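Last residue of the sequence shown: 477 in full-length UniProt numbering, with the numbers rising by one and none dropped. Quick reminder that beta carbons are idealized off the backbone N, C-alpha and C, glycines included. All values reported here derive from a predicted model rather than from experimental measurement. Heads up, the thing below is written out as structure tokens.
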Amino acid sequence: MAPQLDAYFKQVEASSEDFIERLRKAVAIPSVSAMDEHRPDVVKMGQWLASELKNLGAEVELRPLGKQPHKEYLDLPPVVIGRYGNDKKKRTILVYGHYDVQPALMEDGWSTKPFELSVDEKGRMYGRGSTDDKGPVLGWLNVIEAHQKAGVGFPVNLLMCFEGMEEYGSEGLDDFINEEAKKYFKDADAVCISDNYWLGTEKPCLTYGLRGVNYYSIEISGPGQDLHSGVFGGTTHEPMTDLTKVLGTLVDTDGTILIKGIKDFVAPLTDEEKSLYGDIAFTMDNLYESLGSQTGIFPDKERTLMGRWRYPSLSIHGIEGAFSAPGAKTVIPAKVTGKFSIRTVPNMEIDPVNELVIKHVQDAFSKLNSKNTCKVWCQHAGKWWVASPKHWNFTAAGKAVEHVWGVKPDLTREGGSIPVTLTFEQATGKNVLLLPMGSSTDAAHSINEKLDRRNYIEGTKLLGAYLHYVAEEPMEG
Ligand SMILES: [Zn+2]
């Protein structure tokens, strides 16, 4: 039976100006985690969030995470954890978000002051953190408030985990989650993260997969110092020549990874999975618009989305030590380091992929018969994540989307990584759902970041509706 949501929805409408004010206050605190001088603001933002939650009657704790690695003079901002409701007969949903933001300066090209929420005539609410991730975090607070004001019973117990270092690699959070999974978070029946975006602007989505990434460096060195090609060209093995040849063996122009054995790891496409792609609201023009060109590899949407989400890709990012300035410098660089990464998918495990890559590079280099030296290593790696979109957590969210937006959501994956997703899944052993609020045009991390009023208010309805549907889903699995 569909839950009765009218009273709740009406209240969200009635409170929408208050909710926007709440976002305005949050955006006004420049909680930039990457900048030392803003650390007090990040802490202030955590405290503000905690006090808002307390005012709503939630249990709240600010948990310290110790000193910041490599910057021991800085304390990490606290994790804000909270609980709203403790009824053993209800399900418990653990939600995650972050209250820190990316840096933002007027001179980067913002049209409005980044830390003042400014709402234009189309309802676009500009401000750093509006969509990433203050809007979604406050969405959960709005849900609690609207239930209270409308006198509607809260359908689940809510556990909350809001961190202040997400935009700086979530320092300290993995250990914290692993530690608390069997303590503070032990009652969680499922996890919901609202920290990504719709694929487009009109159709909501539920996200069930993310690619991982293995990042590599190849260092080739020989001469003791940089040389002049007029003097030494033709007399020595040149590191740059070797490196470009080795890099050239990694990937084809159509994106095919040329490292032997990689594609054997890739899980085959099933008919069921394939069927999810047809309905997705995405066109080749969407791709061309975001690319700013028509240089797509595949002619069709399905294969394009699969290329982004469910197949691995290899990208060459740059060469450290190479001459890259304008002009015509005749240097022979003595040491160059090529950087490339592989976006990984099921079932590419980190170590076996590393073994294949390192062997491939060493073999390719040795075939050159060069007297230079080649080193290759994996700089960092994070694993992919895929959840079952058939789990009740997804079913509930799907019904909530239909109720609020009147359409079935797209089931999407993402080509990038949100490492905390996998941490929550592994630490709690529970299903994790990514339930985005904002749309593809929100410009998270960029200038003129915004959240549409519609996405914020309907998004608040959605988060609440999701909890009601969660309470009604039969529980198996
Ligand atoms: Zn974010």
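Using a 10 angstroms sphere on the CB of L105, the tally of other CB atoms stays under 16, which defines it as exposed. Proximity of the beta carbon of D18 to ligand 1 is not indicated: no heavy atom of the ligand is located closer than 7 Å.
Residue pairing by DSSP places W377 opposite S217 in a beta bridge. Under a 10 Å Cβ-count criterion, D36 is classified as exposed, with fewer than 16 other Cβ atoms of the shown protein chains found around its own Cβ.
For D133, the shortest C-beta to heavy atom distance toward ligand 1 is below 7 Å. Inclusion of P223 and A334 in the CB contact set at 8 Å is warranted, their separation being smaller than that value. The C-beta distance from E52 to D100 rounds to 16 Å, too long to fall under 8 Å, and the pair is not in contact.
DSSP lists N214, L314 as the beta-bridge partner residues of I342. DSSP places L74 inside the beta strand (DSSP E), whose first and last residues are 71-75.
Inside the segment 365-452, DSSP marks whole beta strand (DSSP E) runs of 3 or more residues at positions 373-382, 410-414, 432-434, 450-452, from first to last along the chain. Shown here, K186 sits in coil according to DSSP, grouped into three states, outside any helix or strand. When secondary structure is reduced to three states using DSSP, I280 falls in the coil class, being assigned neither helix nor strand. Taking non-hydrogen atoms of ligand 1 into account, the C-beta of D195 is found less than 7 Å away from one of them.
Distance between F162 and V79, taken at the CA atoms: about 6 Å.
At a Cβ-Cβ threshold of 8 Å, A397 and L433 count as neighbours. By the Cβ neighbour-count rule, V156 is buried, with 16 or more other Cβ atoms within 10 Å of its own.
Spanning the alpha carbons of V152 and R91 requires a straight line of approximately 17 Å. Counted as a single uninterrupted DSSP element, the alpha helix (DSSP H) harbouring F265 occupies residues 262-265. Look at I193 here: in three-state DSSP terms it is strand. Under the three-pair Cβ rule at 8 Å, the segment 108-126 does not count as touching the segment 166-182. Shown here for K301: same chain residues with a beta carbon closer than 7 Å to its own, the five before and five after excluded, namely F282, T283, M284 in chain order. At a cut-off of 7 Å, the beta-carbon of E166 counts as near ligand 1: some heavy atom of the ligand is closer than that.
Residue pairing of R124 in beta bridges, as defined by DSSP: D452.
Sequence-distant Cβ neighbours of K44 in its own chain, meaning closer than 6 Å and more than five residues away, are I29.
In the three-state reduction of the DSSP assignment, L250 falls in the coil class, being assigned neither a helical nor a strand state. Counting other Cβ atoms within 10 Å of its Cβ, D132 reaches 16 or more and is therefore classed as buried.
Scanning R24, V191, G233, Y197 for the CA closest to the CA of V420 turns up V191. When only Cα atoms are considered, S417 and G233 end up about 43 Å apart. Remark: three or more beta-carbon pairs, one from each stretch, lie closer than 8 Å, so the segment 460-472 and the segment 134-154 are flagged as touching. Not one heavy atom of ligand 1 falls within 7 Å of the beta-carbon of H360.
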